[in-house]
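Heads up, the thing below is written out as structure tokens.
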Amino acid sequence: MKVVGITGGIGSGKTTVAKQFEALGVPVYIADVEAKKLMNTSKIIRRKLIALFGEEAFFDNTLNRPFLADKIFNNASYLEKMNAIVHPKVASHFKNWVKKQKAPYVLKESAILFENGAYKFCDLVITVTAPLELRKERLLKRDDTTLEKIQAIIDNQWDDNKKIEKSQFVIVNKDLEQTQLQVQLTHNKIVNNIT
Numbered sequence: 001m002k003v004v005g006i007t008g009g010i011g012s013g014k015t016t017v018a019k020q021f022e023a024l025g026v027p028v029y030i031a032d033v034e035a036k037k038l039m040n041t042s043k044i045i046r047r048k049l050i051a052l053f054g055e056e057a058f059f060d061n062t063l064n065r066p067f068l069a070d071k072i073f074n075n076a077s078y079l080e081k082m083n084a085i086v087h088p089k090v091a092s093h094f095k096n097w098v099k100k101q102k103a104p105y106v107l108k109e110s111a112i113l114f115e116n117g118a119y120k121f122c123d124l125v126i127t128v129t130a131p132l133e134l135r136k137e138r139l140l141k142r143d144d145t146t147l148e149k150i151q152a153i154i155d156n157q158w159d160d161n162k163k164i165e166k167s168q169f170v171i172v173n174k175d176l177e178q179t180q181l182q183v184q185l186t187h188n189k190i191v192n193n194i195t
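Position 171 of the sequence shown, counting from 1, maps to 171 under my numbering, and the rest follow consecutively.
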């Protein structure tokens, strides 16, 4: 079974695109969602995060996301250390998930597919792009955030050109209808390449 990575900068709409692939019958693994679940349920991750950030890492027995976001996006060292705790567990969880799928290929959606080296375990990679201003506009509508926080996240991710260089497919996500067409074409190419 082929593993296709899908990535893109924050606000590019990679989750929306991933869901369009899912509607075509492609099993989709959203790494960020699974990482959050594991951060809340794994005793090992919990213990290591508390050792790294202190008791405030959890509030009411749940991951204290605003606290952690504040810590990691102002300190690249904390981000690296947290990723070193969480990413191996997510990678292991993903491998087990893949074994249970019955499809020509699966999609692994990850914002930091390149940054964390996970792309090396993918057969193909799709990068989702959108104009920077549109991405910021989407994020301001979607999240309770500021332009400063958005920029801090963008600064911690590879820029689109660097991602595109290492990708086999690019989907430009500006208009939903056009995006849907690109998803269908990409899906057809992937399936034809496998069979």
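Beta carbons: idealized from backbone N, C-alpha and C, even for Gly.
Pair within 8 Å by beta-carbon distance, residue i and residue j
{"i": "K2", "j": "L124", "result": "yes"}
{"i": "G8", "j": "V128", "result": "yes"}
{"i": "Y105", "j": "V26", "result": "yes"}
{"i": "V86", "j": "A35", "result": "yes"}
{"i": "V17", "j": "V183", "result": "yes"}
{"i": "F73", "j": "E56", "result": "no"}
{"i": "K166", "j": "F114", "result": "yes"}
{"i": "I112", "j": "Q157", "result": "yes"}
{"i": "I45", "j": "K89", "result": "yes"}
{"i": "G54", "j": "N173", "result": "no"}
{"i": "L49", "j": "H93", "result": "no"}
{"i": "S110", "j": "A118", "result": "yes"}
{"i": "N116", "j": "N83", "result": "yes"}
{"i": "L81", "j": "L52", "result": "Note on residue identity: the sequence assigns Lys, not Leu, to residue 81. In contact: K81 and L52 (Cβ atoms closer than 8 Å)."}
Whole-number beta carbon distance between residue j and residue i, since they are thought to touch under 8 Å
{"i": "A31", "j": "K108", "result": "6 Å"}
{"i": "T179", "j": "I126", "result": "With 8 Å as the limit, T179 and I126 do not qualify as a contact, their Cβ atoms being about 12 Å apart."}
One or two residues paired with residue i in a DSSP bridge
{"i": "K149", "result": "DSSP output for K149 lists no bridge partner at all."}
{"i": "G215", "result": "Summary: the structure shown does not reach residue 215, with the chain confined to residues 1 through 195, and so no result is reported for it."}
{"i": "V172", "result": "T129"}
{"i": "L181", "result": "L181 pairs with nothing; no bridge assigned."}
{"i": "G5", "result": "K108, V125"}
Proximity test, Cβ basis, 8 Å: residue i and chain B
{"i": "K141", "result": "Considering every chain present, this structure includes no chain B. It has just one protein chain."}
*Which parts of the stretch 27-111 are runs of the beta strand (DSSP E), unbroken and 3 residues or longer, counting only runs that do not cross its ends?*
28-30, 105-109
*Is the stretch 57-67 touching the stretch 132-141, taking contact as three or more C-beta pairs under 8 Å?*
no
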